[in-house]
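Residue numbers (the working numbering): 10 to 273.
Set out below in structure tokens:
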């Protein structure tokens, strides 16, 4: 009898944890580059009644469930035009901009390309809304007037280039050490941990991989990946599951009360 209390309470708690994930997704429905989180649940120990441990019978009982982990799908979402030269959208899955906190030095990754020109001692650099600097392929802060950024802007606007400028850009592209707007990916991006502010951090031992030919467009941003319809369906399912779990607890309490009254 006490096991039914535990199973029902555990189910209600798992539903509350899932509802928190859904609420976070809905709260970020208008944040550019946001990737919604999905909840992954697992069954706790199942066992057979009146049979061996490995037997599969109709007399099986479980100990409830728990939320094992949350993960995000880092696919490309719809794009929106901003007409800003320093807004960038990523056109490939599982790719991120690398950014660094100017105070703590912590490195994180984001798909939101909404940048601005932040002034530092030696010039203007690309920065995020949180004040973190965008890093190039060498892990160094990227200046806002980097030729690579200008090339992306001209390619999107359709401006013609003079022959001299074209030759200069070819030379810069041949130089692998020339600073450029870069993307990074991971062997298993589903393991990335959400650290807030639309940023992710890899677990210890998980190293980023530089994308050789990044697909980036200027003047556009990737919209939030949250689907209102899907999240509302998940919320209704979660509410019903929560009510059923509470009914299980209430029923168990009524049965226990009846047994105690019969005992006198």
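We treat Cβ as the ideally placed atom computed from N, Cα and C, and that holds for glycine.
*For residue 271 and residue 46, the rounded distance between their alpha carbons*: So the alpha carbons of these two residues sit roughly 49 Å apart.
*Alpha-carbon to alpha-carbon, residue 25 and residue 17*: Going from the Cα of residue 17 to the Cα of residue 25 covers about 13 Å.
*Length of the line joining the Cα atoms of residue 188 and residue 87*: So the alpha carbons of these two residues sit roughly 28 Å apart.
*Spatial neighbours of residue 81 in its chain, beta-carbon cut-off 6 Å, leaving aside the 5 residues before and after*: Taken in chain order, the residues that qualify are 44, 46.
*Straight-line CA distance for residue 23 to residue 251?*
Looking at the two C-alpha atoms, the distance is approximately 8 Å.
*Would you report the Cα separation of residue 217 and residue 147, rounded to the nearest angstrom?*
Rounded to the nearest angstrom, the two C-alpha atoms are 12 Å apart.
*Cβ contact (3+ pairs, closer than 8 Å) linking the region 203-222 and the region 101-109*: Touching, yes, given that three or more Cβ pairs across the two stretches are closer than 8 Å.
*Under the DSSP definition of a beta bridge, which residues are partnered with residue 208?*
Its beta-bridge partners are 205.
*By how many angstroms is the C-alpha of residue 204 removed from the C-alpha of residue 131?*
Between residue 131 and residue 204, the C-alpha separation is close to 30 Å.
_Unbroken alpha helix (DSSP H) run spanning residue 200, endpoints_ = No alpha helix (DSSP H) holds residue 200; DSSP gives it neither H nor E.
*asked:* Here's the rule: buried if 16 or more other CB atoms are within 10 angstroms of the residue's CB, otherwise exposed. What is residue 95?
replied: Taking all protein chains shown into account, residue 95 has 16 or more neighbouring C-beta atoms within 10 Å of its C-beta and is therefore buried.
*asked:* Can you tell me which residues form a DSSP beta bridge with residue 150?
replied: According to DSSP, which records beta bridges pairwise, residue 150 is partnered with 144.
_Quick check on residue 25: does DSSP put it in helix, strand or coil?_
The DSSP-derived three-state label of residue 25 is helix.
*In three-state terms, what does DSSP make of residue 96?*
Strand at residue 96.
*Excluding five sequence neighbours on each side, which residues of the same chain lie with their C-beta closer than 6 Å to the C-beta of residue 135?*
Cβ neighbours of residue 135 beyond the five flanking positions: 124, 143, 151, 153.
*When you compare each of 119, 227, 41 to residue 198 by their alpha carbons, which one comes out closest?*
Looking from the CA of residue 198, the closest CA among 119, 227, 41 belongs to 119.
*For residue 16, name the three-state secondary structure that DSSP assigns.*
Correct three-state label for residue 16: helix.
_Suppose the cutoff is 6 Å on Cβ atoms and the five residues either side in sequence are ignored; what does the same chain contact list for residue 244 look like?_
Around residue 244: 31.
*May I have the straight-line CA-CA distance separating residue 268 from residue 15, to the nearest angstrom?*
Whole-angstrom Cα-Cα distance: 18 Å.
_Classify residue 214: buried if its beta carbon has 16 or more other beta carbons within 10 angstroms, exposed otherwise._
By the C-beta density criterion, residue 214 is exposed, having fewer than 16 other C-beta atoms within 10 angstroms.
*Ends of the beta strand (DSSP E) at residue 227?*
Segment 225-227, the beta strand (DSSP E) holding residue 227.
*How big is the Cα-Cα spacing for residue 261 and residue 13?*
When rounded, the distance between both Cα atoms is 6 Å.
*By how many angstroms is the C-alpha of residue 242 removed from the C-alpha of residue 277?*
Not covered by the structure: residue 277. The range shown for the chain is 10 to 273.
*Any idea what DSSP makes of residue 181, helix, strand or coil?*
Residue confidence is low: residue 181 scores 49 on pLDDT, short of 50, so the model does not pin down where it sits. No coordinate-derived value is stated.
*Nearest-angstrom Cα separation, counted from residue 210 out to residue 35*: One alpha carbon belongs to residue 35, the other to residue 210, and they sit about 22 Å apart.
*Is it true that the CB of residue 190 sits closer than 8 Å to the CB of residue 105?*
Pairing residue 105 with residue 190 gives a Cβ-Cβ distance that is not under 8 Å.
*Would the beta-carbon of residue 93 fall within 8 Å of that of residue 42?*
No, the pair does not count as a contact, with Cβ atoms beyond the cut-off.
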